[in-house]
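Student: These protein sequence lines map, in sequence, to chains G and U. If you use UniProt numbering, the first sequence closes out at 318, no skipped numbers anywhere. If you use UniProt numbering, the second sequence closes out at 318, no skipped numbers anywhere.
2 protein chains.
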Amino acid sequence: MKAIQLNNPEDPRSLALVETDTPKLRDGEVLVKVHAAGVNRGDLLQARGHYPPPPGASDIIGLECSGVIEDPGTTGRTIGEEVACLLAGGGYAEYVAVPEGQLMPIPEGYSLTEAASVVEAACTVWSNLGMLAGVQEGQTVLIHGGAGGIGTFAIQLCKQLGATVAVTAGSAEKLETCRELGADILINYREQDFSEELKGRCDVILDIIGAKYLRQNLRSLAADGQLIIIGLQGGVKTEINLGALLPRRLSVRGTTLRARSLAGKAEVVASTVEHVWPMLSDARITHHIHATLPLADAAKAHDLLDSGAVTGKIVLEV
Amino acid sequence: MKAIQLNNPEDPRSLALVETDTPKLRDGEVLVKVHAAGVNRGDLLQARGHYPPPPGASDIIGLECSGVIEDPGTTGRTIGEEVACLLAGGGYAEYVAVPEGQLMPIPEGYSLTEAASVVEAACTVWSNLGMLAGVQEGQTVLIHGGAGGIGTFAIQLCKQLGATVAVTAGSAEKLETCRELGADILINYREQDFSEELKGRCDVILDIIGAKYLRQNLRSLAADGQLIIIGLQGGVKTEINLGALLPRRLSVRGTTLRARSLAGKAEVVASTVEHVWPMLSDARITHHIHATLPLADAAKAHDLLDSGAVTGKIVLEV
Ligand SMILES: NC(=O)c1ccc[n+]([C@@H]2O[C@H](COP(=O)([O-])OP(=O)(O)OC[C@H]3O[C@@H](n4cnc5c(N)ncnc54)[C@H](OP(=O)(O)O)[C@@H]3O)[C@@H](O)[C@H]2O)c1
Ligand SMILES: NC(=O)c1ccc[n+]([C@@H]2O[C@H](COP(=O)([O-])OP(=O)(O)OC[C@H]3O[C@@H](n4cnc5c(N)ncnc54)[C@H](OP(=O)(O)O)[C@@H]3O)[C@@H](O)[C@H]2O)c1
Chain G
1 MKAIQLNNPE DPRSLALVET DTPKLRDGEV LVKVHAAGVN RGDLLQARGH
51 YPPPPGASDI IGLECSGVIE DPGTTGRTIG EEVACLLAGG GYAEYVAVPE
101 GQLMPIPEGY SLTEAASVVE AACTVWSNLG MLAGVQEGQT VLIHGGAGGI
151 GTFAIQLCKQ LGATVAVTAG SAEKLETCRE LGADILINYR EQDFSEELKG
201 RCDVILDIIG AKYLRQNLRS LAADGQLIII GLQGGVKTEI NLGALLPRRL
251 SVRGTTLRAR SLAGKAEVVA STVEHVWPML SDARITHHIH ATLPLADAAK
301 AHDLLDSGAV TGKIVLEV
Chain U
1 MKAIQLNNPE DPRSLALVET DTPKLRDGEV LVKVHAAGVN RGDLLQARGH
51 YPPPPGASDI IGLECSGVIE DPGTTGRTIG EEVACLLAGG GYAEYVAVPE
101 GQLMPIPEGY SLTEAASVVE AACTVWSNLG MLAGVQEGQT VLIHGGAGGI
151 GTFAIQLCKQ LGATVAVTAG SAEKLETCRE LGADILINYR EQDFSEELKG
201 RCDVILDIIG AKYLRQNLRS LAADGQLIII GLQGGVKTEI NLGALLPRRL
251 SVRGTTLRAR SLAGKAEVVA STVEHVWPML SDARITHHIH ATLPLADAAK
301 AHDLLDSGAV TGKIVLEV
């Protein structure tokens, strides 16, 4: 089969379509003929050698895809069934092996390409804001990077859960997109200190920045507030004032979907299909595709996401 | 009435029994004639000017007591009823005003003095390990300072919940007490690095040290592990490596019982009476009183607790 790989492991821009082996199925996996694969910031990190796949996973890039079952292996699935897939890796390819617990139906009314754009965001956002934080009506949620792939999804989900949504983004255009998706409080992080605006007001923060925002995030939390860190774009190490946690009973948690066990991923996928898929099928939450490129243009797609010009998601089509 | 106060606000050892006003009742409060008051490490901090009472609370030291209702105020309580009381302050005195939601019955078979020794520990330990962390059968819980007032209670509660209990303490004698209370893994923190012993094994840690132990605590947590910090005896500020949180989905939380709202305290008290009082009444959990002193000897009691020679609790009797 054809798949994207680095021609030169030292050069993240050397991504190219090459001939490689079709994956062999393990027990409980199906072989999916990929139609489209979503591009995630984690993919850029992996191309730079920073986000290695978990043990046993494909070393091909790609955390989500859609396609058609080509070989159901030992599962009871049907050849030809259309599926969306949460992947630990392997999406940037013609074929990918997927554990059955990571298969999802195509949301009603969605094309295969559209479906590939929502899997990773839906599972990440739901597992953190729904399953872990338990966001509830009347709460205030701060979403950093509101115009990104994760952000555009998170805004909409939080509005569906009845929360007031604050977002940060780096430009007026991106903030306008966030507003259209339902965000209530818009903060341009290049011009404002978000913690000045939000001091003591946030019940939950979904953070992708890490070290650089830790102090301001804690300052922005209300009593019993939860900071959930899913990205470390602003570094990993910083000083923490633990004295800030106790009186307001704050919590700081970090998570990654990719590092979860097979059973953990299956649990997230099942809960996401149960709770979030209905919101996609009746368009209470919409996908937000910025651009669709051919799989061979993966390097271009990464450059585009890296440029900061993207709102929502980029999808690669096979 | 008589109450303990600092003769010299600059000198934490100048605690003495002085004449002062009997507290006036606010709506929903009862006046309790104090029989005994438990001594807590927080009291030592307050005497040193470090742990000021929350707004509206008595500035007299004392976070827990037992006694008899002298004036039921606007509540429907009965004069002469024996009660144990969770306090935001005011326990080191002949009389204290207590919000009704912070009254608890005397556990069956307990003397008033014994009852005064378990209130703060029971509410603190249950609110953190039961209500927040949800400690479950088969989990491993690390309790720092296992031989202290909080520690002796926490070991026993965790055993009742079916957990494996690891403890730290500073001497072989204290560790022997922990073992007798049910602790399974005994670590002398003066001789061993607990994180070497417990690396990746703890589901929950109840920490009273803070900054000094943060790195080792995170290292000791298993996947989905929860670090709950309730004391900062080892400082407040330190470096945190957020990268350590994400792959194992760790959380760090701080809490203080004293800073909770009236409603929050009432919720903790009700849940503690519901879940923990039965374990006291049938002696599945026992009190652990190291020494009983007259109220006038509060300074001596503080010196004793400060000396590090105490196992379990000191109680002052009026
Ligand atoms: N832990 C997990 O399971 C998990 C799963 C998926 C994704 N993630 C992480 O989530 C993050 C977002 O992923 P993605 O795929 O949505 O990437 P993305 O589409 O590139 O979105 C990132 C967004 O962050 C914004 N941003 C950059 N610096 C910022 C700052 N200082 N303050 C606020 N916003 C800032 C960017 O736009 P502007 O700067 O122009 O506003 C961009 O919109 C990444 O760090 C990724 O690794 C984690
Ligand atoms: N947040 C809340 O709501 C709340 C409520 C109650 C209490 N607390 C806090 O909980 C802590 C314990 O209170 P307490 O009343 O139980 O005090 P305590 O009886 O004095 O117990 C503290 C224990 O810590 C041990 N210790 C000291 N340094 C240690 C270290 N480096 N590693 C491990 N253990 C160490 C001490 O004995 P050895 O060193 O001899 O072993 C002692 O047994 C205090 O910090 C208090 O402020 C918080």
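Where a beta carbon is used, it is the ideal one built from N, C-alpha and C, also for glycine.
1. So, helix, strand or coil for residue 245/U, using DSSP?
2. State the beta-bridge partners of residue 104/U as determined by DSSP.
3. Any heavy atom of ligand 1 within a distance shorter than 8 Å of the CB on residue 45/G?
4. Are the CB atoms of residue 161/U and residue 130/U within a distance shorter than 9 Å?
5. Give me, in chain order, the residues of the same chain whose beta-carbon lies closer than 6 Å to that of residue 164/U; leave out the 5 immediate sequence neighbours on both sides.
6. Specify, as a first and last residue, the run of the beta strand (DSSP E) that residue 290/G falls within.
7. Note down, in chain order, each residue of its chain lying with its Cβ closer than 6 Å to the Cβ of residue 67/G, except the 5 sequence neighbours on either side.
8. Contact between the stretch 222 to 240 of chain U and the stretch 222 to 233 of chain G: three or more CB pairs below 8 Å?
9. Closer than 7 Å, Cβ to Cβ, to anything on chain U: give me those residues from the stretch 239 to 266 of chain G, in chain order.
10. Does the beta carbon of residue 129/G sit closer than 9 Å to a beta carbon anywhere in chain U?
11. Tell me, which residues are paired with residue 3/G by DSSP?
12. Let me know the secondary structure DSSP gives residue 156/U once reduced to three states.
13. I'd like the list of long-range same chain contacts for residue 180/G, defined as Cβ closer than 8 Å, with 5 residues on each side in sequence excluded.
14. Does the Cβ of residue 258/U lie closer than 8 Å to at least one heavy atom of ligand 2?
15. With 16 other CB atoms within 10 Å as the buried threshold, where does residue 287/U fall?
16. Which runs of the beta strand (DSSP E) at least 3 residues long sit entirely within the stretch 208 to 280 of chain G? Give them in chain order.
17. Quick one: what's residue 99/G bridged to in DSSP?
18. Using a Cβ-Cβ cut-off of 9 Å, state whether residue 230/G counts as contacting chain U.
19. I'd like the span of the alpha helix (DSSP H) that includes residue 124/U, first residue to last.
20. Buried or exposed for residue 79/U, going by 16 or more other Cβ atoms inside 10 Å?
21. With DSSP as the reference, label residue 196/G as helix, strand or coil.
22. Using the DSSP secondary-structure output, state which residues sit across from residue 140/U in a beta bridge.
23. Would you tell me roughly how many angstroms separate the C-alpha atoms of residue 296/G and residue 201/U, rounded to the nearest one?
24. Using three-state DSSP, classify residue 283/G as helix, strand or coil.
25. Measure the alpha-carbon distance for residue 259/U versus residue 27/U and round it to whole angstroms.
26. Could you tell me the distance, in whole angstroms, from the CA atom of residue 276/U to the CA atom of residue 309/U?
27. Give the range of the alpha helix (DSSP H) segment to which residue 306/G is assigned.
28. May I ask you to report which of helix, strand or coil DSSP gives residue 329/U?
29. Could you check whether residue 142/G and residue 205/G sit closer than 9 Å to each other, using their CB atoms as the reference points?
30. Have a look at residue 166/G and residue 127/G and give me their C-alpha separation to the nearest angstrom.
31. Please state whether the Cβ-Cβ distance between residue 299/G and residue 13/G is less than 9 Å.
32. For the putative contact between residue 90/G and residue 58/G, defined by C-beta atoms under 8 Å, what is the C-beta separation to the nearest angstrom?
33. Does the Cβ of residue 212/G lie closer than 8 Å to at least one heavy atom of ligand 1?
34. How would you write the range of the beta strand (DSSP E) that residue 71/G sits in, first residue to last?
35. Please compile the residues from chain U whose C-beta is within a distance smaller than 7 Å of the C-beta of residue 210/G.
36. Any heavy atom of ligand 3 closer than 8 Å to the CB of residue 153/U?
Tutor: Walking through what the data contain:
1. coil
2. 84/U
3. yes
4. yes
5. 140, 184
6. 289 to 294 is the extent of the beta strand (DSSP E) around residue 290/G.
7. 32, 33, 34, 35
8. no
9. 239, 240, 241, 242, 243, 245, 246, 247, 249, 250, 251, 252, 253, 254, 255, 256, 259
10. no
11. 18/G, 93/G
12. helix
13. Correct list: empty, nothing qualifies.
14. Yes, ligand 2 has a heavy atom inside 8 Å of this Cβ.
15. By the Cβ-count criterion, residue 287/U is buried, with 16 or more other Cβ atoms from all chains shown falling within 10 Å of its own Cβ.
16. Note on the stretch 208 to 280 of chain G: whole beta strand (DSSP E) runs with a minimum of 3 residues are 221 to 229, 237 to 241, 251 to 254, in chain order.
17. 29/G
18. By this cut-off, residue 230/G is an interface position.
19. Unbroken alpha helix (DSSP H) run through residue 124/U: 119 to 125.
20. exposed
21. Helix, per DSSP.
22. As a beta-bridge residue in DSSP terms, residue 140/U pairs with 164/U.
23. 45 Å
24. coil
25. 20 Å
26. 28 Å
27. 298 to 307
28. Residue numbering for chain U in the displayed model covers 1 to 318; residue 329/U lies beyond these limits and cannot be assessed.
29. yes
30. 19 Å
31. yes
32. Contact holds; Cβ gap of about 3 Å.
33. yes
34. 64 to 71
35. 242
36. As for ligand 3, it is missing from this structure, which binds only ligand 1 and ligand 2.
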